[in-house]
Every structure is written in structure tokens, then in C-alpha cells.
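K.L.:
Top line first, the protein sequences correspond to chains B and V.
Number 46 in numbering that gives the first Met the number 0 belongs to position 47 of the first sequence; there are no gaps in the numbering.
Number 449 in numbering that gives the first Met the number 0 belongs to position 450 of the second sequence; there are no gaps in the numbering.
Glycine residues also receive a C-beta, built at the ideal position from the N, C-alpha and C atoms.
Supplied in C-alpha cells, the structure appears directly below.
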Amino acid sequence: MRFSLLLILAACGPPSAIAPTANAPLQEIARTQEDTTTKQDLRLVPPEVYIRSYLQLFGGLAPQDVQAKARGSDGGQLFDTWDDYLAALGLPDYKLDLPRASQTNAIMVAAFERLAVALCDRAVERDLKAKPPLTERVVFAFDAPEAIDEAGFATRFDVLHRTFLGYPAALAPGRVKDFHGLYSSIVSHHQTAAKKSRFTPTEAGWAAVCYGLARHPEFHLY
Amino acid sequence: MSRRVLLAPLLLLITSLAVGDTRQVRTLADYRDFRSLSIDLAGRFPTRDDLGTLERPDFDRNAWIDTHLGGPQYAARLTRIYMDLLRLEVSSAVQVTPPATTLRRIQLVGPDKKPIYVYYRRQQRRTREATDGEFCMTSAETGVELTPGQPPKGTAIEIKKEVLDANTVVVRPWWLYRDYVELTPAKRYGAEWTDFDPSYVPSDKLRKEADGSPTIEVRVCREEAQSRDTGSIYVTGRVPPPKGATPPAPRLRPLPLDDGYAKAHKGEPISCRDGLAVSMSVDCGCGIGLQHCMPGDSDGNDPGAFMLPAHSPVGLDASLPLTAQSVSVWYKYWWTQEVEHFLSHLFSDDRDFRELLTAKYTWVNGPLAQYYRSTAPAGCCGRERAFGLIEDKEPLFAQVSVPTSLFAHDAATWLTVADRGPQASGILSMPVFLAKYASRRARAAVVYNAFLCKSFASSDAELLPSTEPNLMIRPGCSSCHATLEPLAAYFSRVEESTSVYLPSAQFPLKNPNCKNQKNGKPAGFCDAFYDPAFTDGAAGTMRGAYASAENAEAGMLGIARAVTSSPDFASCAVSRVTASLIGRPLSSDDDALVRTLTDVFVHASYRMKPLVVAILRSDAYRNVNNRRNEVAP
């Protein structure tokens, strides 16, 4: 009761007057040169460029043919239709005055993932399963033996790295080792998995490496 | 930068030497710069072969740029900048279905009890009183009631053969026959005619009968099938029915009456390409093989017609799967393609960029030729005839300029038109621009923003109630409209929504016929073209022209010349192209760069290639991703 009374008195009392005071000057610790140059982050690859490159990685086919090949007839449901992906990829819609997307978003990243899986799985079927001559292989332009060490992996990975990211893998330190770990892990899991995959362990390993590169931020940004 | 990144090229060099590789060692920055160049000039990521070119000891960056500068992807890259800016596609809110050139069809039951389609035009005048201005057979004869804008009502009954023969004819139409102009067309789409343009695909419904069999001929109302170029004004002498009188049986709607113009010009010739011909003459039809009309697969307001890709992000030659689209979409699609072709040629041929707004030339294909030949003139003249304009006398695209060699089927054949006529002015007089930006102020504002890089920002003035019609001086409005209204005046002679050009002979800027009458108001027919707010006892003022009579007379070419001669025009173009290629908005830090590039652009006579070369060679482009110093895992 006494406490409540004190609270009421405090609340109804005159406002406390606190005179403003100047802040004490900050103490100089060190001097450095200001960098006023314009900073710029990576740019999103225009969707037109992404689509054209995607068509090229599918063997230079027309969009309708890519759609047909990607969808396939195996019930894999790897690909829907181009119209389902265009807005997600960031294309503008001039009719609706929707501007081009300049940054990635969750739906766009999901679309990149789906398109990458379709591209890589069909490339494994086309290049590794069907085994055409090496000169005709668009993505996996190398032989894919079952037993492979890190050096052998590095040579083949460099082909994929150049195909997707546009520079030698050696210029990305640690990347060969990381991707070799991924490849080995996938191969190992497929060798021991009870459920059969439509890919051999080696094919599944290379497919996973391909997913990793086709979904890599460096593939979508520049 | 990490030590690992610095060591990587060294390791690469050692490895290359060890395996006897003759490739030139490049840095990560070299590869990234090359990838940027490939994306901007080749329109795709570099291939392994492209990287091989980069790694050759004799690789020359500048030579590579020069080689790729004239390619189609270079033109597409620059076209994208201005298409993103102007967004020149027209929304579904705009329908392009003039009654004079739109053939709709209904399904009826033929004398043999089989379903048949019959094509007709809305508002078609006929000598038969029962069907004048309506479908060519009555509801009593067909069992079907037709009301524009509503689905057909009733149950189709078997039409008597003599009724069908009296009111309809069969035609081998243009959309099915390549040789429709011949006396007996024989090259049918998909049958004898196999080398058709892949972009020209009539919808399945246009190619098949109701029972699923292929369409060999179409049945069309007799008047619509006429092929003369000139008809005569039809006058019936009918008197208006008493108020509340029911239409004479079997009609559902009142008989069309003669308007004042028809009475005054009875029997005079009228061009069958005129929009009024369908409702003012009984002897004008769709021409040989129905070539001046667009077929629709239903009686709807915007019926289905042809197959088109919903999008063509990588160009017409690699379009996405086709879907059936309406008559309006068909026109609007080609309108957009016209401006894309125009821009593409402007950039690939490295023409003076000012021609974007001033050029007399354009590019058209078959569908556009048909549009300019038949559908565009049909947009005129309804309200305009009160001023004596019964045909588009000074069209934005002169009829004589339309290439006669193009058939409507020639969707992939593009021909240049050197001079569209005196009113033509770059993209400003193209239908897609005028439909997208349908009002004078919208047109002026987009030109001001897109080509001078200026925008309208309202002041913080208090908005007080005002009766001042002059927005250039009205408080709160004047801060923007003092600039906007004189710019909008340039578009005064292009009618909003229809794009009909209003010639000075029929539409003087100050029209005494539209002066205020004794009741203080101008005559009713004036309102659409003359602004009552700027009308006095002497004359009415053409809408939009009050701000500047001089600009109104100068027309679209006037604004094009004014904008392209502004010192801001070149720097604006430079800023837009530079910002797009380096991928960020420019700031005041970039002023020096813009000044340098503007000098290059102006000294190169406003041609883009020297500007793009200067940008691609600049440090701003090479150091574009300066926040990235490490590669991701």
C-alpha cells in the first residue's frame, strides 16, 4: 500500500528537468583514408542469357525441343513448361508493367534448382549413358571410369567447371577437393544403397557435381 | 585478397608448363571480364571453345569486342535496355477488334442436319430489312438469337437450304489458302501448302469444322464476301419509329436509321477500307478471299484466331511453345515485334540513335502489312464524320507505303518501309506506343522520362480548390504541368485511343463551329475533340492544344526534334546504356565518365557502337564487380 502511494506520487510529480549537455569529443584512435569509390556487388545474369545458355547446354536445341527432351517420357517429372519458369527466372512482363528482377529471390533460386536438375540428369543420360563420341558430348565431355582418384577427378571436373562457370577450376582454391568429396560421397552412398537408382554410382556422382555447378551462385551472377 | 587466390595463377602456370600446354595463363579477373563480355555481346555464357580463344597467346580483347559488336545479340542487348524502359507491349485491356475487319462466327445446323459455321461482321448493313445491321439470317431461320457481347441464345434448328443459299456463300479464305487471290485457290494450309511460315499457325478451330473434319471452305454471309474496293453510301429513307414501338418482326432490335451524313451524301462513293463502310454501305465486304478481315473462332468480343508464343525471350526464331490467341493478341503481338525489329536494326546497322524518335522508316511483315492495309484504316471514322472526315486522310502509316508483296501469312518476312508518310516519327507514331501510352500526357511524360532522364515530381504546394482549367498556372499543379502540358500539346492531333490523325483541314486548332452557343456550351459533337474549358464565343480549342498551338501544329515530329536537339538527350542515352552495361544506377561519382562517354557519343554522330566500345574498354566496366575479392566455395 505504501509502495503504491509512492508510485502514484512519483507519477504525478513535476517532470524532472535534465539539462542537455554536449557530448564529450570522441577520442581519436587512428587515421585512415576514406574510400569513396563506388562499390558494386555482383549482377544477376539476365534471364535471356540464362535461357540461351541453357538451350546451348542442352545441345543447341530450340526451346520447344528442350522442353520435350527435358520432360521426356520416363515419368521423371524433371521439367514442367517454359511458361512456368519465365516469371520465376526474372523476365519482365511488359504487358503488366512488371520490371525485370535484378536480384534473386526464393522462387527464382528454386527455379534455378529445378532447371539445373533437369539439365544435369538429361546430360548424364545423353553424354554418359548413351556414350556418344567425346566430341559430341556437350556437358560431360570426358570418359567416366568407375575408379577415379582425385587427380583423375580434377581433370574431368575442370571440363565441367569451365562449361558452367567459365574459368579453370584451379583458379578456385579448394574447389576440386570439395567437389571430389561430394562426388566420392555420392558414389559411395549409391554403391551401398538398398534402393536402385536409374543412374549407376558413377553417373549419380557426376550428376551431383553437375547440380552443384549449375546451381552455383557464380553460374547465375556475374 | 587471399594468398590462395594469388597463388592460383602461378600454380596454373606451373601445371601448364609441366604438361606442355601452350594456353596463355589468364587471371581470374581475365576470365570474369571475358564472361561479362560474352554475356553482354554474345548473349550467352562463354563455351569451352570460347575459353580456348581467350587462352590463345594472340587473344586481343579489343578485336574480340569489335567482332561481336555487330551481331544479333549485341542488338538484342541494346534493344532490351529500351524495351525494359518503355515496356512496349499492350495489356489485355486493349482490344483490337474493329467491326469492319473482324469476322466472327456462329455454329448453326445446316440443311443436312450437320453443324456448320457461318462467319459474319457485326453492324453489317444488308438490303434485307429483317437482317439489316445484324447477322444475315433471322433467329426464326436459325433458332439462334445473337446479341453482341452475349453468348448466342436458343437452340439451333435446321436451316432451309434456300435460306442458306440466299444469304451465305462459300469462300476459300486467305487464312487457309496461300493462293487465295486465284480464281480457284488450291494450296490449302497443311495440305497442298506445306512450305508455310512456321510463325504463321491458324488455330486448330480455324482449320477444322465442328465435326472435326478439315475445313476446305468457309461459309460467310453474302455481303461480307463482296470484294469491291469502293461502295456507295446506303440510305433507306426510314423514319424513326414512335417512342416505345417494338421492332418489326422478326427483328429483335430496331432497324438502323440514316444519319445526317448519310442523308447528305446518299449514293456517294465510300472506300470499302473505311471503318464506316460496314455500317454505311451494303456493297462493301472483306475483299477477295476475305483478305481484309481477321477471322475469329467464335461470336465473342475478342474471338480466338492464331497460335502465338506467350513469350519469346530469346527471339522469334527460338520461340516458346505456341498457344491459341485472340484476334487482338495477334495484332498486339506484331505491333511489339515491329518496334523490336526497328530497334534491332537501328542498333545492328549502327544508325543515328536520334532516328529512334525521328525516323520515317520502319520494318513490317505480313501480319503488319495486313494491319496497316486493312485494320488501321478501319479505326476511322465515327465521331469524326461530323467534321467531314469519313476516311483517315493523313494516316500515321500511309496506305501507299505498305508493301504489296507481303501476304498476311508472311510472318517471318520483314521488309523495310523507307517512308511511312509525313506523320511518321520513329517509334512515337507506331501503334504499340500509341496504344501503350494512350493519352497525350502519358505519351509526353514517357518521352520526357525515357529520353531526357527527367521525371515529374510534385511540389509541396498546398492543393486548394480551384476552377482554373489551365493546369500550367493552377496552384499545386503548375510545378509539373507547366512542363508537361506544352509537351502533351505535340500529341494533340493524334486522337487518344484510336490513333486517328486529325487533319487541320477538318480540325483547325481554333474551330468556330465549336464556339459556345447561346446556351453557353458548344455543340454536342464538339466535345470529343474540342475542350469546353477553353472554348469561348468565337471558337473552340482543340483538346490538348491550349498549352501551345505551335507545338500542336508541330506534331509528333516536333517533339521528336525538340527532344533530340536537347543537350540532355545524348547524356541521357549514355547514362542509360552505361548503367545497363555496368549493372547499377549511376551516381554523381560517375559524372566524369558520363561526360567523357557523351563526348564520344556525340562526336560519333549519336551512333551506339563507338559508345558501347568506349564503355566496354572503360575501367568502370572492367572493375564492375569490385566488391568480390574471393570466390565462393
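Taking 7 Å as the limit between beta carbons, can you name the residues of its chain near arginine 264/B, skipping five residues before and five after?
P.N.:
With chain B represented from 0 up to 221, any question about residue 264/B goes unanswered, as that position is not in the structure.
K.L.:
According to DSSP, is leucine 90/B helix, strand or coil?
P.N.:
If DSSP states are grouped into helix, strand and coil, leucine 90/B belongs with coil.
K.L.:
What did DSSP end up calling aspartate 316/V once you bin it into helix, strand or coil?
P.N.:
Aspartate 316/V: helix per DSSP, three-state reduction.
K.L.:
Can you list the residues of chain V that arginine 161/B reaches, using a CB-CB cut of under 7 Å?
P.N.:
By Cβ distance, chain V contributes Arg47, Leu50.
K.L.:
Return the first residue and the last residue of the beta strand (DSSP E) that cysteine 220/V is part of.
P.N.:
Counting along the chain, the beta strand (DSSP E) containing cysteine 220/V begins and ends at 217-220.
K.L.:
In the segment 130-215 of chain V, which residue ranges form an unbroken beta strand (DSSP E) of at least 3 residues, counting only runs that do not cross its ends?
P.N.:
Entirely contained in the segment 130-215 of chain V, the beta strand (DSSP E) runs reaching 3 residues are, in chain order, 167-170.
K.L.:
What are the start and end residues of each continuous beta strand (DSSP E) run of 3 or more residues lying completely inside the segment 140-189 of chain B, in chain order?
P.N.:
As far as the segment 140-189 of chain B is concerned, it has no whole beta strand (DSSP E) run of at least 3 residues.
K.L.:
Taking 8 Å as the CB-CB cut-off, is asparagine 448/V touching chain B?
P.N.:
With 8 Å as the cut-off, asparagine 448/V does not count as an interface residue toward chain B.
K.L.:
Pull up the CB-CB distance for alanine 603/V and leucine 610/V, whole angstroms please, since I reckon it's below 8 Å.
P.N.:
7 Å between Cβ atoms; contact.
K.L.:
Locate the alpha helix (DSSP H) running through isoleucine 558/V, then write down its first and last residues.
P.N.:
Residues 548-563.
K.L.:
Around the C-beta of leucine 5/V, are 16 or more other C-beta atoms found within 10 angstroms, so that it is buried, or is it exposed?
P.N.:
The predicted position of leucine 5/V is uncertain, since its pLDDT is 46 and thus under 50; no value can be drawn from it.
K.L.:
If you follow the alpha helix (DSSP H) that tyrosine 210/B is part of, which residue opens it and which one closes it?
P.N.:
Its alpha helix (DSSP H) spans residues 200-213.
K.L.:
With three or more C-beta pairs closer than 8 Å as the rule, is the segment 354-372 of chain V touching the segment 423-436 of chain V?
P.N.:
Segments in contact, yes.
K.L.:
Would you give the residue range spanned by the beta strand (DSSP E) that arginine 103/V belongs to?
P.N.:
Residues 101-108.
K.L.:
Contact between the segment 167-179 of chain V and the segment 217-225 of chain V: three or more CB pairs below 8 Å?
P.N.:
The segment 167-179 of chain V, when compared against the segment 217-225 of chain V, does touch it at the 8 Å Cβ threshold.
K.L.:
Measure from the C-beta of alanine 317/V to each C-beta in chain B and report whether the shortest distance is under 8 Å.
P.N.:
With 8 Å as the cut-off, alanine 317/V counts as an interface residue toward chain B.
K.L.:
Which stretch, first to last residue, makes up the beta strand (DSSP E) that contains valine 363/V?
P.N.:
Here the beta strand (DSSP E) through valine 363/V covers 361-363.
K.L.:
Strictly below 8 Å CB to CB, what residues from chain V border lysine 176/B?
P.N.:
Simply none; closest approach about 10 Å.
K.L.:
Name, going along the chain, the residues of the segment 30-42 of chain V whose beta-carbon falls closer than 8 Å to a beta-carbon of chain B.
P.N.:
Answer in chain order: Tyr30, Arg31, Phe33, Arg34, Ser35, Ser37, Ile38, Gly42.
K.L.:
Measuring CA to CA, which of Glu495/V, Arg492/V, Asp459/V is closest to serine 478/V?
P.N.:
Considering only alpha carbons, the answer is Asp459/V.
K.L.:
Would you call the segment 101-112 of chain V and the segment 336-343 of chain V touching, i.e. three or more CB-CB distances under 8 Å?
P.N.:
The answer is no - the segment 336-343 of chain V does not touch the segment 101-112 of chain V, with fewer than three Cβ pairs under 8 Å.
K.L.:
By the 8 Å beta-carbon criterion, what residues does the segment 42-56 of chain B contribute toward chain V?
P.N.:
Flagged, chain order: Arg42, Val44, Pro45, Pro46, Glu47, Val48, Ile50, Arg51, Ser52, Leu54, Gln55.
K.L.:
State buried or exposed for lysine 242/V, treating a residue as buried only when at least 16 other CB atoms are found within 10 Å of its CB.
P.N.:
The residue in question, lysine 242/V, is exposed, as its Cβ has fewer than 16 Cβ neighbours within 10 Å.
K.L.:
Residues of chain B with CB under 7 Å from glutamate 88/V, in chain order?
P.N.:
Chain B residues near glutamate 88/V: Tyr93, Lys94.
K.L.:
Alpha carbon to alpha carbon, how far is glycine 539/V from lysine 514/V? Give it in angstroms, no decimals.
P.N.:
Roughly 5 Å between the two C-alpha positions.
K.L.:
Against proline 132/B, what residues of chain V qualify as contacts under a CB-to-CB distance less than 9 Å, listed in chain order?
P.N.:
Under the 9 Å cutoff, chain V gives no residues; its nearest Cβ is about 16 Å from proline 132/B.
K.L.:
What are the complete alpha helix (DSSP H) segments, minimum 4 residues, inside the segment 314-348 of chain V?
P.N.:
Runs found: 326-347.
K.L.:
By DSSP, does threonine 36/B sit in helix, in strand, or in coil?
P.N.:
It is coil, neither helix nor strand.
K.L.:
So, helix, strand or coil for alanine 28/V, using DSSP?
P.N.:
In this structure, alanine 28/V counts as helix in the three-state DSSP scheme.
K.L.:
Distance, Cα to Cα, alanine 153/B vs aspartate 34/B?
P.N.:
Roughly 40 Å separates the two Cα atoms.
K.L.:
Provide the residue span of the alpha helix (DSSP H) that contains methionine 429/V, from first to last.
P.N.:
Premise fails: methionine 429/V is in no alpha helix (DSSP H) and is neither H nor E.
K.L.:
Kindly identify the DSSP beta-bridge partner or partners of proline 268/V.
P.N.:
Partner(s): Ser231/V.
K.L.:
Checking 8 Å against the spacing of the C-beta atoms, do glutamate 267/V and leucine 102/V come in under that value?
P.N.:
Not closer than 8 Å, so no.
K.L.:
Glycine 303/V versus chain B: which residues are under 8 Å apart at the beta carbon?
P.N.:
Correct list: empty, because the minimum Cβ distance to chain B is about 18 Å.
K.L.:
Would DSSP call glycine 295/V helix, strand or coil?
P.N.:
Residue state, collapsed to three classes: coil.
K.L.:
Taking all protein chains shown into account, do 16 or more other C-beta atoms lie within 10 angstroms of the C-beta of serine 465/V, making it buried, or fewer, making it exposed?
P.N.:
Serine 465/V is exposed by the Cβ-count criterion.
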